[in-house]
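Engineer: So the sequence lines, in the order shown, correspond to chains G and E.
Reminder that position 97 of the first sequence reads as 96 in numbering that gives the first Met the number 0, one-by-one numbering, no gaps.
Reminder that position 45 of the second sequence reads as 44 in numbering that gives the first Met the number 0, one-by-one numbering, no gaps.
Even for Gly, the Cβ is constructed at its ideal location relative to N, Cα and C.
A single structure is presented below for examination.
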Amino acid sequence: MITMAQALNTALRDALRADERVLVFGEDVGTLGGVFRITDGLTREFGEQRCFDTPLAESGILGTAIGMAMYGYRPVVEMQFDAFAYPAFEQLASHVAKLRNRTRGRVALPITIRIPYAGGIGGVEHHSDSSEAYYVATPGLHVVTPATVADAYSLLRRAIASPDPVVFLEPKRLYWSKAEVALPVQTEPFGRAVVRRPGTDATLIAYGPTVPTALEAAEAAGEEGWDLEVVDLRTLVPFDEETVCASVRRTGRAVVVHEAHGFAGPGAEIAARVTERCFHHLEAPVLRVTGFDVPYPPPMLEKHYLPGVDRVLDAVARLQWETA
Amino acid sequence: MTVLAETSHPLSLEPVQLLDEHGDPADGQVLPPAAQRLQMYRRLVVGRRFDRQAAALTRQGRLAVYPSSNGQEACQVGAVLAVRDTDWLFPTYRESVALVTRGIDPVEVLTLLRGDWHCGYDPYHHRTAPQCTPLATQALHAVGLAHAARLAGDDVVALAFVGDGATSEGDCHEALNFAAVYRAPVVFFVQNNQYAISVPLAKQTAASSLAHKAIGYGMPGRRVDGNDVLAVYRVVRDAVEHARAGQGPTLVEAVTYRMDAHTNADDASRYRTSAEVDAWRKRDPITRLERHLRAVGVLDDAGVAEIAAEAEDFAARLRERMNTDPVLDPMEMFRHVYAEPTPQLREQAALLAAELAAEAEAPVGGVEARA
């Protein structure tokens, strides 16, 4: 059994071994091995030129990564926490996402930006944000988030190999989740969602930290007579409309589950797309179960904020079953 | 000479000058060879003529906007000539003269400002990053590239152009700090043209000079007369070679003046007096060098006329090429967002393609007819 954290660590190690252009850097990623130990041992194995600590400045980390990528390296940078990535946002939105386009494809930026995100670990206010809406609203970025140990490995390897920048969101609450996986594993390319649990009555659409929640809800729903399908998006950009819509057309009902704020969150986009493309197959409006539109709450309140199994089941119950 | 003592990098407040305002050599300074001085003069004259032509193209509606380099030619020419072709430039939107001096096709330089694409030239071919609009952000790219070059064992230095206003940006601080910590081979070249659009330097910083900021980062800081191309060349070249030798970064402040408004869309009379502008006119970089070259017999009327004609020819060719409408392909909007477009982008591209096809098929007046 290995943890998601170990899978990510192995992915970085294998990428560093496979390609000498890969560099890993950020705050505390060197000697310490990262505050979540995702880069544990990399400096020891690959030396300070390949995995190194930077000054404590996120815009500096990402801005210098751009220059390094321009020179042919493949930087993998760590933003220590979701909310600590905001100082780097200008570099991300104004340059990382746009340089290929600005230069008519001449300058590619194969940069992976690893960001531990989302809540559920009793973290303080600035260590629990689900900030994916900012990234998915920025053309030019791939936005990826694994929900399983195997995907953590394979998606990170794909991110590092990608010719384009990838915002790689690591659900920090799943760092310690375990699975029996023999690495290396390879899964589908970006833009392929996966049906984690087949079902016939409704589709739960989830990604990252809410995939286990959705699976748990689907198990519980079975006891109430609903057979729920669970789709794990894996990559928000590119968005796998095909898999999602195929599922919803089969089941006729859909609930999107994410931790990010509901208003203008990814769920709004997904619900709109599903509605546009599956309207005649829908038995009920597409519902969303999301974080509330409040700043991330203090640790003792987060259990009321996070979309849990009960809230998902309540939404499923509202899917107009009486008309079926 | 005021020297800031008790630091590891003694720093003079007095800008380095090789030629004074009258074109007389400063005491004890060894000047570059005559042929090189003449070449700098040529680049200055061509650079200014280019700049005037670009400003005129704006008035004719050929450029959407133009941030002028008028008055700052010595900074841009001197700095660019001080680096090797293998070194990298990280320019801002105001570095048009620097890019022309670098040898980039002037039409490609003006692509951003004409508005047919964001960057007209190939950054790898010219080892010149796209002109950067968000302030000071490019300084970090320069540090990263310089650090990467050193990791690769290459003999490459990055020259980052920054304006006085941009020194207040957080990214400028981060770039200076990263560069010093990494000992990256990068030179930060600040053109202090006294104004960030309308805000004067006094409202930008309380530091004795912008070059003094170097002290806090643990790197050398140099002030240079930005209207003296020989001094700019000397100071930047020294900093570049210092970096190339593995001695780390330098912060160079070139003291100059933006003779025109921020851009054609700006009205400089609202924030500065004509007396101030006139005082700077007396320090003109081209007049100064021309006086000197005439005095030492390197340049005469015929030489001046010949170079002026060369500049005129450069401008005429540019004018001619800019007076044709660029050919645009709207579908290109979708082409470079990713190496492989997402399914959603393919769908949107198909929508635009259908609109374009319908437009192409519509008879003249078809749009009105439909309406």
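8 Å is my cut-off, CB to CB: does residue 246 of chain G come that close to chain E?
Structural biologist: Here residue 246 of chain G refers to the residue found at position 247 when the first sequence is read from its first residue. With 8 Å as the cut-off, residue 246 of chain G does not count as an interface residue toward chain E.
Engineer: Against chain E, with Cβ distances strictly below 8 Å, would residue 67 of chain G count as a contact?
Structural biologist: As a position in the first sequence, residue 67 of chain G is number 68, starting the count at 1. Output row for residue 67 of chain G: interface = yes.
Engineer: Quick one: give me the first and last residue of the beta strand (DSSP E) that residue 111 of chain G is part of.
Structural biologist: Start at 1 with the first residue of the first sequence, and residue 111 of chain G comes out as number 112. Note, residue 111 of chain G: beta strand (DSSP E), 111-116.
Engineer: To which residues does DSSP link residue 222 of chain E through a beta bridge?
Structural biologist: Taking the second sequence and counting its residues from 1, the one referred to as residue 222 of chain E is at position 223. The partner list for residue 222 of chain E (beta bridge, DSSP) reads E:252.
Engineer: Using the Cα positions of residue 119 of chain G and residue 127 of chain G, report the straight-line distance between them to the nearest angstrom.
Structural biologist: On the first sequence, residue 119 of chain G is found 120 positions in, with the first residue counted as 1. On the first sequence, residue 127 of chain G is found 128 positions in, with the first residue counted as 1. For residue 119 of chain G and residue 127 of chain G, the distance between alpha carbons rounds to 8 Å.
Engineer: Anything in the region 103-131 of chain G with a Cβ closer than 8 Å to a Cβ of chain E? List those residues in chain order, please.
Structural biologist: Cβ contacts with chain E come from 103, 104, 105, 106 and 107.
Engineer: In whole angstroms, what is the alpha-carbon distance linking residue 97 of chain G and residue 336 of chain E?
Structural biologist: In the first sequence, residue 97 of chain G corresponds to position 98, counting from 1. In the second sequence, residue 336 of chain E corresponds to position 337, counting from 1. Roughly 7 Å separates the two Cα atoms.
Engineer: Would you tell me roughly how many angstroms separate the C-alpha atoms of residue 57 of chain E and residue 181 of chain E, rounded to the nearest one?
Structural biologist: Against the second sequence, residue 57 of chain E aligns to sequence position 58. Against the second sequence, residue 181 of chain E aligns to sequence position 182. Cα to Cα, residue 57 of chain E sits roughly 42 Å from residue 181 of chain E.
Engineer: Which word fits residue 324 of chain E, buried or exposed, when buried means at least 16 other C-beta atoms lie within 10 angstroms of its C-beta?
Structural biologist: Sequence index remark: in the second sequence, residue 324 of chain E carries index 325 (1-based). Label assigned to residue 324 of chain E: exposed.
Engineer: How far does the alpha helix (DSSP H) with residue 257 of chain G in it reach, from first residue to last?
Structural biologist: Taking the first sequence and counting its residues from 1, the one referred to as residue 257 of chain G is at position 258. First-last for residue 257 of chain G: 253-260, but that is the beta strand (DSSP E), not the alpha helix (DSSP H).
Engineer: Using the Cα positions of residue 310 of chain E and residue 296 of chain E, report the straight-line distance between them to the nearest angstrom.
Structural biologist: Working through the second sequence from its first residue, we reach residue 310 of chain E at position 311. Working through the second sequence from its first residue, we reach residue 296 of chain E at position 297. Residue 310 of chain E and residue 296 of chain E: Cα-Cα distance of roughly 21 Å.
Engineer: Taking 8 Å as the threshold (beta carbon to beta carbon), is residue 277 of chain E in contact with chain G?
Structural biologist: Reading the second sequence from its first residue, position 278 is the one you call residue 277 of chain E. Residue 277 of chain E does not count as touching chain G.
Engineer: Just grab the DSSP bridge partners of residue 89 of chain E for me.
Structural biologist: By 1-based counting over the second sequence, the position of residue 89 of chain E is 90. E:159, per the DSSP bridge assignment.
Engineer: Measuring CB to CB, does residue 137 of chain G end up less than 8 Å from residue 82 of chain G?
Structural biologist: Position 138 of the first sequence holds residue 137 of chain G. Position 83 of the first sequence holds residue 82 of chain G. No.
Engineer: Under a Cβ-count criterion, where at least 16 other Cβ atoms within 10 Å of its own Cβ denotes burial, should residue 123 of chain E be classed as buried or exposed?
Structural biologist: The count along the second sequence starts at 1 and reaches residue 123 of chain E at position 124. It is exposed - the Cβ of residue 123 of chain E has fewer than 16 other Cβ atoms within 10 Å.
Engineer: Between the alpha carbons of residue 195 of chain G and residue 102 of chain G, how many angstroms are there, rounded?
Structural biologist: For the purposes of this step, residue 195 of chain G is identified with residue 196 of the first sequence, where counting begins at 1. For the purposes of this step, residue 102 of chain G is identified with residue 103 of the first sequence, where counting begins at 1. C-alpha separation (whole angstroms): 40 Å.
Engineer: In chain order, what residues of the region 219-237 of chain G put their CB closer than 7 Å to some CB of chain E?
Structural biologist: 236 and 237
Engineer: Could you confirm whether any beta carbon from chain E is found closer than 8 Å to the beta carbon of residue 302 of chain G?
Structural biologist: Locating residue 302 of chain G in the first sequence gives position 303, counting from the first residue. Residue 302 of chain G does not count as touching chain E.
Engineer: Within the continuous beta strand (DSSP E) that includes residue 204 of chain G, where are the two ends?
Structural biologist: Within the first sequence, numbered from 1, the residue matching residue 204 of chain G stands at position 205. Residues 201-205.
Engineer: Kindly say whether residue 19 of chain G, judged by its beta-carbon, lies nearer than 8 Å to any beta-carbon of chain E.
Structural biologist: Position 20 of the first sequence, counted from the first residue, corresponds to residue 19 of chain G. The beta-carbon of residue 19 of chain G is placed no less than 8 Å from the nearest beta-carbon of chain E.
Engineer: Thinking C-alpha only, which one of E:343, E:339, E:276 and E:329 is nearest residue 358 of chain E?
Structural biologist: Within the second sequence, the letter at position 359 stands for residue 358 of chain E. Ranking the options by Cα distance to residue 358 of chain E, first place goes to E:329.
Engineer: For residue 231 of chain G, write down the residues that DSSP places opposite it in a beta bridge.
Structural biologist: Reading the first sequence from its first residue, position 232 is the one you call residue 231 of chain G. G:193 and G:205, per the DSSP bridge assignment.
Engineer: Residues of chain G with CB under 7 Å from residue 121 of chain E, in chain order?
Structural biologist: By one-based count along the second sequence, residue 121 of chain E stands at place 122. Within 7 Å Cβ-Cβ: 105.
Engineer: Count the other CB atoms, across all protein chains shown, that sit within 10 Å of the CB of residue 312 of chain E; report buried if there are 16 or more and exposed otherwise.
Structural biologist: Numbered from 1 along the second sequence, position 313 holds the residue referred to as residue 312 of chain E. Counting Cβ neighbours within 10 Å, residue 312 of chain E comes out exposed, since fewer than 16 surround it.
Engineer: Would you please verify whether the beta carbon of residue 16 of chain E is less than 8 Å from any beta carbon of chain G?
Structural biologist: Here residue 16 of chain E corresponds to residue number 17 of the second sequence, with the count starting at 1. It does not: the Cβ of residue 16 of chain E has no partner Cβ on chain G nearer than 8 Å.
Engineer: Starting from the beta carbon of residue 341 of chain E, find every residue of chain G whose beta carbon is closer than 8 Å, and list them in chain order.
Structural biologist: In the second sequence, residue 341 of chain E corresponds to position 342, counting from 1. Chain G residues near residue 341 of chain E: 190, 236, 237 and 238.
Engineer: Judging by CA-CA distance, which residue of G:139, G:69, G:240 and G:21 is the nearest neighbour of residue 51 of chain G?
Structural biologist: Translated into positions along the first sequence, residue 51 of chain G becomes position 52. Ranking G:139, G:69, G:240 and G:21 by Cα distance to residue 51 of chain G puts G:21 first.
Engineer: Cβ of residue 235 of chain G within 8 Å of Cβ of residue 95 of chain G?
Structural biologist: Here residue 235 of chain G refers to the residue found at position 236 of the first sequence. Here residue 95 of chain G refers to the residue found at position 96 of the first sequence. Cβ distance not < 8 Å, so residue 235 of chain G and residue 95 of chain G don't count as in contact.
Engineer: When Cβ atoms are compared, which residues of the region 144-159 of chain G fall closer than 7 Å to chain E?
Structural biologist: none
Engineer: By the 10 Å Cβ neighbour count, where 16 or more other Cβ atoms means buried, how is residue 251 of chain G classified, buried or exposed?
Structural biologist: One-based indexing of the first sequence puts residue 251 of chain G at position 252. Buried, by the Cβ-count rule.
Engineer: Chain E partners of residue 54 of chain G, CB-CB under 7 Å?
Structural biologist: By one-based count along the first sequence, residue 54 of chain G stands at place 55. Against residue 54 of chain G, the close residues of chain E are 176, 177 and 180, in the order they occur along the chain (beta-carbon pairs closer than 7 Å).
Engineer: Enumerated in chain order, which unbroken segments of the beta strand (DSSP E) with a length of 3 residues or greater are wholly contained in the region 23-76 of chain G?
Structural biologist: 50-52
Engineer: Give a yes or no on whether the minimum CB-CB distance between residue 171 of chain E and chain C is below 8 Å.
Structural biologist: Within the model displayed, chain C is absent; protein chains G and E are what it includes.
Engineer: For the structure I just gave you, are there three or more beta carbon pairs, one from the region 140-147 of chain E and one from the region 107-122 of chain E, closer than 8 Å?
Structural biologist: no
Engineer: Does the beta-carbon of residue 79 of chain G have 16 or more other beta-carbons within 10 angstroms, so that it is buried, or is it exposed?
Structural biologist: Translated into positions along the first sequence, residue 79 of chain G becomes position 80. Buried.
Engineer: If distances are taken between C-alpha atoms only, which option among G:86, G:124, G:67 and G:49 comes closest to residue 381 of chain G?
Structural biologist: Outside the modelled stretch of chain G, which goes from 0 to 323, sits residue 381 of chain G, for which no answer is possible.
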